[in-house]
Amino acid sequence: MWFLFAILTWLAWGAANLFYKKGSDSNDKNSHTKITIMVGLVMGIHATIYMFVKGLEFHPQDMLTYLPVSALYIISMIFGYIGLRYLELSIAAPVQNASGAVTTLLLYMFFPQEVTWVHFGGIIAIIVGVFWIAVIEKQQDDALLRAQNVKIDRKYQFGFIALLFPILYALIDGVGTFADGIYLDEMKIMGEDAALLAYEYTFFIVAVVCYIYLRFYKKVKFNVFKERDRTYAAVLETIGQFFYVYAISSYAFISAPIISSYCIFSIILSRIFLKEKLSKKQYLVIAIIMIGIVILGLADEL
3 MWFLFAILTW LAWGAANLFY KKGSDSNDKN SHTKITIMVG LVMGIHATIY
53 MFVKGLEFHP QDMLTYLPVS ALYIISMIFG YIGLRYLELS IAAPVQNASG
103 AVTTLLLYMF FPQEVTWVHF GGIIAIIVGV FWIAVIEKQQ DDALLRAQNV
153 KIDRKYQFGF IALLFPILYA LIDGVGTFAD GIYLDEMKIM GEDAALLAYE
203 YTFFIVAVVC YIYLRFYKKV KFNVFKERDR TYAAVLETIG QFFYVYAISS
253 YAFISAPIIS SYCIFSIILS RIFLKEKLSK KQYLVIAIIM IGIVILGLAD
303 EL
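Each residue of the sequence shown is one higher than the last, beginning at 3 in the working numbering.
Okay, structure coming up:
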């Protein structure tokens, strides 16, 4: 079932990216804070409904136990958001997407896996594909900017501070997923349900703090009932998180690189719904990544 859960996470987070893109407003400096609020709100609602439907007991102590993992994820998101203020997304993407490679490397180093060349072939195909697709998008963005006679100061593209944030994102997010692998798969410190509730309620608390900061300190009006695209993104993010926990708890070493390539599904959806044109190179890379995913899904049967 781990492969099914990984694919469902891949689909949900890939679709969420589409609505993140639609819900992001470059003219609104509080855009990402609003997204955080919506994600935390939906996660809090989901955790409560899930707990009562399954008849689970929530122990606040679980939030403290799981806090190292939750904190790593939340901190990485903050660094990712800050980095986008200084760095083009097409440059930040290949660095940030390295988190899947970081996780796989750490799990292999500290918890040697029984894997074959087939597994490594699939992992390499996915990781190379993710980097390659980001390079292609960067080239397309540069061509568009040149056509519009837009010149961007290189210090904002490649300066130390600019590059520091996506690097921190990749490292911290990769370590976060590695920690998840320890908690849920390798050492079984927590069960899936307890980890899911702990993370979602932690995110809910972060959302409440963000709302208080935005509404009462920044004096920014914010109506959660008018946030359609951000709500869709939050719902899909939460669905993905649900399946992610079960994928990582079952087979963290292989699930991590598959899930890290969810940007490919976002590109496919953008082609369908946003009418964005794809080049032959993009179709080729998508095919390579899909082949890598199929190889990992069938590796244990080969």
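Beta carbons: idealized from backbone N, C-alpha and C, even for Gly.
A direct Cα-Cα distance of roughly 10 Å separates Lys221 from Tyr213. Rounded to whole angstroms, the Cβ separation of Val41 and Ala236 is 4 Å, and the two are in contact under 8 Å. The stretch 227-298 contains, as complete alpha helix (DSSP H) runs of 4+ residues, the segments 230-261 and 265-275 (chain order). Annotation: Leu198 to Ser272 spans about 30 Å, alpha carbon to alpha carbon.
Closest by C-alpha distance to Gly102, out of Tyr171, Pro70 and Ser72, is Tyr171. Glu202 places its beta carbon less than 8 Å from that of Met45. Around the beta carbon of Pro114, a 10 Å sphere encloses fewer than 16 other beta carbons of the protein chains shown; the residue is thus reported as exposed. Between the alpha carbons of Ala100 and Ile129 lies a distance of about 8 Å. Short of 6 Å from the beta carbon of Leu20, and not among the five residues preceding or following it, lie these beta carbons of its own chain, in chain order: Ser268 and Leu271. Three or more pairs of CB atoms, one per stretch, sit closer than 8 Å, so the stretch 115-129 contacts the stretch 258-265. The C-beta distance from Ile135 to Gln284 rounds to 6 Å, short enough to meet the 8 Å contact threshold. Just measuring C-alpha positions, the residue of Leu280, Gly178, Gly294 and Leu300 sitting nearest Gln142 is Leu280. A buried status is given to Val104, since no fewer than 16 other beta-carbon atoms sit within 10 Å of its beta-carbon.
Note that the C-beta distance between Ile291 and Gly131 is below 8 Å. With fewer than 16 other CB atoms across the displayed protein chains lying within 10 angstroms of its CB, Asp30 is exposed. Closest in C-alpha terms to Pro168, from the list Ile77, Ile37, Thr50 and Leu13, comes Ile77.
Val211 is classed as exposed because its beta carbon has fewer than 16 other beta carbons within 10 Å across all chains shown. By the Cβ-count criterion, Thr118 is exposed, with fewer than 16 other Cβ atoms from all chains shown falling within 10 Å of its own Cβ. When the Cα atoms are used, Ile174 and Tyr248 turn out to be separated by approximately 21 Å.
Per the C-alpha coordinates, the member of Tyr219, Phe112 and Ile266 positioned closest to Ile138 is Ile266. Cβ-Cβ separation between Ile250 and Asp182: approximately 5 Å, consistent with a contact (criterion under 8 Å).
Taking the C-beta atoms as reference points, Phe245 is found nearer than 8 Å to Leu10. In terms of Cβ geometry, His48 and Thr204 do not form a close pair [threshold 8 Å].
Ranked by Cα distance from Ala254, the first of Lys24, Lys190 and Pro62 is Lys190. Considering only Ala17, Val71 and Ile274, the residue with the shortest C-alpha distance to Ala196 is Val71. In this structure, Lys36 is the residue among Ala18, Lys36 and Trp4 with its C-alpha nearest to the C-alpha of Tyr215. Cβ contact annotation for Tyr22 (same chain, cutoff 6 Å, sequence separation greater than five): Ala235, in chain order. For Ile256, the CB contacts under 7 Å within the same chain, skipping 5 residues up- and downstream, are His121 and Leu298 in chain order.
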